[in-house]
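Protein chains in written order, with our numbering: chain A, 2 to 333; chain B, 825 to 1093; chain C, 4 to 612.
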Amino acid sequence: MAKTLILIPLEADGTVGKAARDLLASALAADPGADVGVFGKGAKQAADVVPASASRVLVAGGDGLASPTAANDARACEALVRASGSQLVLAPQHSRTARCLPLVAVRTGGRIDTRVAGISLGAETKVRRWYYRQRMQAAFTREERPWFLLLESGALPAAEASAGFSGAVEEVSWEPCSRTQALGTEAAIAGEQTIRPDADLLLVAGAGWTKKQSDGQTHVPEAEELIRAFLRATGASLGSSKSLVDQKGEGAVISFLTHMNQVGQTGSSPRHPKGLATCCHGEEPHVVGWRFIGERRAINLDPNCGWAQGKADVLYVADAFAVLRRLNELLG
Amino acid sequence: MSNGYHIVVCGSLVPDPLQTLEPVMAPDGPGLKNEAMLPSVLDPWAAHALYEAAHLAKRVPDSKVWLASLGPKPKLQQLMMAVAQKAPFEFVAIDGSASGFADSFETAQALAKAIQSIPGLDRDRMLLFGGCSSASRDAGTTLSMVGALLGVEDQFLAVDEIEPDADGGFRVKERVEGAQYLVSRCAGAPAVLAWATGNLPEPPNNPQIGMANMRGILPALAKAPSVGALRGGLRFESVETPSQRRETRVVKDAGVEEIARELAEWIRG
Amino acid sequence: MEQPDVARQTMEVDIACVGFGPAMGGFLTTLSRHLTDAEGRPLLESRAMPGMPPQVLCYERADDIGFGVSGVVTRARGIRRSFPELDPTAIPMACEVRQEKTVYLLDPIGASRRGAGLKLVDRLLRPFAGKRMALELPYTPPFLRKHGGLILSIGQFNQWVGNQLMASGTVQIWPGTPVQQALVEDHRVVGVRLADQGVEKDGSPTGAFLPGMDVRAALTVVGDGPVGPVGRQLDEVFGMPEGHQRRHWAVGMKMVVELPESCELAEGTVIHTFGFPEPEIFGFLYAMPGRLASLGIFVPSFLDSPVRTTYRYLQHWMRHPYLWRWLEGGTMRSWGAKTLAEYGKQGEPYLVGDGYARIGEGSGSTNVLTGSGVDEAWTTGAQLAEGVVELWRSGQPFTRENLAAAYERRRRESWVEAEGRVAEHARDGFTRGFLAGLVGMGLTALTGGRWHPKAKHRPLPSLEEFCRGRLTAGEISRLRRRAESEGLPLHDLVMDALGWPKVEHDGRLLVSHQDALLLGGKVQAPPGFADHVAFLYPNLCERCSPQLCVEVCSGQAISPNPSGGAPLFDREKCVHCGACLWNCPTETPEGGPNLAFRAGAGGLHSAEN
């Protein structure tokens, strides 16, 4: 097996995020002799979380990594990769790794594949990933090294490992040089209509909410209030179909939806145990946006909605306004 | 000296998202069934990048926009009929595979080479735009590697907003985990901005823009370099459409009360 | 709602073209060959932009040039004249016609509406029809034969033609750009106005309002098909030639089907059917390369049902045992519908006027006797191009007289005209019944059009009249009440009551109407355009029952309004077939249908049709 480096980014608060910790455990279980590299301000302290089975622990820290910039992250990671000499670099799919590792791959003469859904490590490493917006999956390997792989959660079998690395943590030096300064973070969406990646439930609002209802009129203010009340009651994350987000300038719109809420097509494919689609009529929310939703239910007035059929576990042919009105009472 | 940006938008074609896609495995790697017949659109993320580029070029005097597209020549030509009325740009065409199964590094190399040979492009003023992902490979790495190959270190991924300042720098908002924006300030070009959706609507078709663009599009297509299949060292073993079909229970004649109760139980459970 | 007072951008070009279909393909292909030499040097000079080659722009409503509807069998005389070396394998889904069959389908269900005469014929034929309930005619009538011709997907053919045109660099084609109207000044067409963008569904401006540009041109070429708004505007402005009228129409609905692996239908096979699901409904099946078939039916205006529909009939037709043996286990790849201008030469408008010329189906070129329209349309386009080049070279303006001499004369002297004349009244007999129609067609063909049946135009019967002898007034009234209370169109309920069995969906080929729309037609409506279907006097719709626009709508885009009045229109389901327009039974006080069918964007997104 080629030598492996597990590359761990730090969060803004200097901690190792859950996805990174899971990867650390599962990757070391699959490849016990792997090196671990940690980058971010305070990397040395954060390296405490590394399990005992790691072969070497390399860290790149310093003020230059206090706030993430592509240039400095890339330089730090390049130093870690070169110091490890590994041919295979595994990292969690994360905004920080996704942004800097393509640069590192180019500089080290390597290649990178991202959003890896499954991986088998061994004499020949093979990976699986989705193509064409989660419509098809391919399994492949490649010749070039070093090979950088960004792994989605669940790409490796889950494993438990507690911290315990007792060897020397090696600090790797690197030269910060960024013309960019990260100023901080701000909430992209505030209020109950936000995106909650850890929520148990995803509510997908479709364009039907703004269409004429059975009385021939639109009821957008009521739709907005029903959706908000549902989110308050359930703590669900809010997703939306592209057609609803795109309606800006088309008359009736749900005022608080943005492209950030969009699932499917140019939106996200979020992961939640449950999903409830309301008034969605179209392929994207059901096929692409729902790919990683566990249990799926839909409320739609059209029993022939071909997209919900075969995609949802239960399709309620009903008026979503009436159902949510009552559901909010029950949940409230 | 001018402070305007030279914005190069990298964007290729993808199958119209409404089409039914079926993978097929050929001896030289996977592809799509009837790929030549599938109608195409400009990759939706790249399209957002193009609209943002046009918007930025309007705001910052003396800026210019190029659109660099890698795809099979006849398809690029057809794509231009749909895109060229949207925003003013100079076209840079590269004849090669736009398949999602092409190698992202090979694609990046072909694009970097084409960008290096754009006459009149001032690389110190260059902003490299594109999508933060694609509807074909969905890797989110190509643009970053083009930047790396061109020596551009300041890179931003999943950008929704750029705000230029008076002194040549700009602020950028990037999407990061937890519905947050990472706000950064960059000292100025050159930089790479891989766009999420941005905040601009799709512009209307403007026939005058189309007429003006078209003058450069055909010459660009005529001299498009050919770069082939761009498979790199990838070795595909299989490609398949996993079964998506669920047994859907259709509840047709239940009352609101019954449905709401069932859902409440399901949500709580 | 048009915005009359806004400032509009204006652009000067030489030739503005409306609609990219086979006719415009023929026009632009022929024209482009005369605009530059092999080295790309201009052979003609622009009058709008001196020093440049002529500026020729074509605007197409659909979102891509390949989103046409028809599967076609054609003798391809005109097309082959333009492409003498044509190799069908260069065009996806195209092949040569190898064998043709004309088949009479008996009714295996017993629900078809057949008169006493036809029932007798059926009884006589039944012993020869076998278990397939069909009789293959010993030979295909000569007027229908396409042997040696081509089977084409119009979507793929348009794409093939359009790409060659774009590559020539001599003309520009802009899809996704509906033309709102022709610009008419002093009885002269001086160009076109594009549709407003950035408007609400009712046409009122939003913050992103972009008024449609005025494209001024010395010549406007109109090829926007049988229901195109520009062609119809010209009919209104300039009137129709005396005696010409548009009475015969049809909705053509079709699918492209991936045939099951076991299917033995040979590539190049052409099958014409008649007799089922209703006697008046003709069907077609063309076997294409790659185990694909293009198939569908035509529901004509002479099917005098006040609840006529197409989708369900299409499914019953596919399920006929003669066809189902090939189709069972197949998968729908594509679906669509369009209006056919079956009026042909009867409805020919003025072909030329000052500043404009008309080509293609909307100009009455479709031949209903030979069942051919694409090649005729292509040829009229090519004829116009030859005329335009002649006028350009001799420096003559595009006046009515000059265009008549250069284009109309060519058309009148050609096979399109000669065969169009023969066919002009070929279908008139169907207004008197199915058998009279068949006999009329046959005799028209035999006598070369010297004899033809006389039309007997009758108003559409009421639902009660249509169902007389099969459903009681009480039953019909119950169906009406149910449709009203459930907000449904009537046609399904009526067909159920008349004995048509429910179609069991298999999720692949037999799917719900909405699935056909979404999975097959991939219908889409871009935002920012006004609704293109509007009901002019909602109070008149209130009195209309059954609302035929709802019944006939190919995409279920027009639905009953639960609060009464005008039906509801959902642009996102509209395939732009235009059937609502010619089916509207209600006349406004000004004359004409109580339904406006305007320039609109979007529609089908399938290029395999």
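We put the CB at the ideal spot given by N, CA and C, even for glycine.
Item, Value
"Residue closest to N161/C, alpha-carbon to alpha-carbon, out of A290/C, V195/C, D199/C, A380/C", "A380/C"
"Neighbour list for P304/A in chain B, Cβ cutoff strictly below 8 Å", "V1074, K1076"
"Sequence ranges, alpha helix (DSSP H) only - wholly within the stretch 226-277 of chain A, length at least 4", "243-246"
"CB contact below 9 Å: F257/A versus chain B", "no"
"Whole-angstrom distance between A296/C and E654/C, CA atom to CA atom", "Outside the shown range of chain C, which is 4 to 612, sits residue 654/C, and nothing can be said about it."
"Separation of I942/B from K888/B, as counted between CA atoms", "12 Å"
"Straight-line Cα distance separating L326/C from V262/C", "One detail in the question is off: residue 262/C reads as Leu in this sequence, not Val. Going from the Cα of L262/C to the Cα of L326/C covers about 11 Å."
"Chain A residues whose Cβ lies nearer than 7 Å to that of S566/C", "D216, G217"
"Exposed unless 16 or more other CB atoms sit within 10 angstroms - verdict on S609/C", "buried"
"V170/A beta carbon less than 9 Å from that of A379/A", "For chain A, the structure presents residues 2 to 333; residue 379/A sits outside this window and is missing."
"Any alpha helix (DSSP H) of 4 or more consecutive residues that is wholly inside the stretch 1021-1080 of chain B", "1031-1046"
"Residue span of the alpha helix (DSSP H) that contains W395/C, given as start and end", "377-396"
"DSSP-derived helix/strand/coil call for W1090/B", "helix"
"Chain C residues whose Cβ lies nearer than 7 Å to that of M849/B", "Within chain C, no residue comes near M849/B; the closest Cβ sits about 17 Å away, beyond 7 Å."
"Within chain B, partners of Q527/C - CB distance below 8 Å", "L842"
"Host beta strand (DSSP E) of V536/C (start-end)", "536-538"
"Buried versus exposed, by CB contacts within 10 Å (16 or more), N597/C", "buried"
"E611/C and V259/C closer than 9 Å at C-beta", "yes"
"Nearest candidate by alpha-carbon position, reference P229/C, set E42/C, C583/C, Q58/C", "C583/C"
"Simplified DSSP assignment, three categories, for Y133/A", "coil"
"C-beta atoms of L258/A and S241/A nearer than 9 Å", "yes"
"Whole-number beta carbon distance between L298/C and T844/B, since they are thought to touch under 8 Å", "Incorrect: roughly 18 Å between the Cβ atoms, too far for contact."
"Limits of the unbroken beta strand (DSSP E) element including Q175/C", "174-177"
"Proximity winner among E859/B, L967/B, K897/B, relative to Q167/C (alpha-carbon distances)", "K897/B"
"First through last residue of the alpha helix (DSSP H) which encompasses E420/C", "418-426"
"Paired residues, beta bridge with F285/C - DSSP", "F301/C"
"Three-state secondary structure assigned by DSSP to C580/C", "coil"
"Residues of the stretch 1044-1075 of chain B with Cβ closer than 8 Å to any Cβ of chain A, in chain order", "G1056, G1057, L1058, R1059, F1060, E1061, S1062, V1063, E1064, T1065, P1066, Q1068, R1069, R1070, E1071, T1072, R1073, V1074, V1075"
"Contact check, D357/C vs R412/C, beta carbons under 9 Å", "no"
"L6/A versus G236/A - alpha carbon distance", "38 Å"
"Range of the contiguous beta strand (DSSP E) that encloses T275/C", "Contrary to the premise, residue 275/C reads as His rather than Thr in this sequence. Per DSSP, H275/C belongs to the beta strand (DSSP E) from 272-277."
"Presumed contact (8 Å Cβ cut-off) between L203/A and I294/A, rounded CB distance", "6 Å"
"Those residues which DSSP pairs with D339/A across a bridge", "Outside the shown range of chain A, which is 2 to 333, sits residue 339/A, and nothing can be said about it."
"Contact residues within the stretch 155-187 of chain C, judged by C-beta distance below 8 Å to chain B", "Q159, Q162, G165, N166, M169, A170, G172, Q175, I176, W177, P178, G179, T180"
"Whole-angstrom C-beta distance between L1006/B and A183/A, which should lie under 8 Å", "6 Å"
"Beta carbon proximity, G311/A to chain C, threshold 9 Å", "yes"
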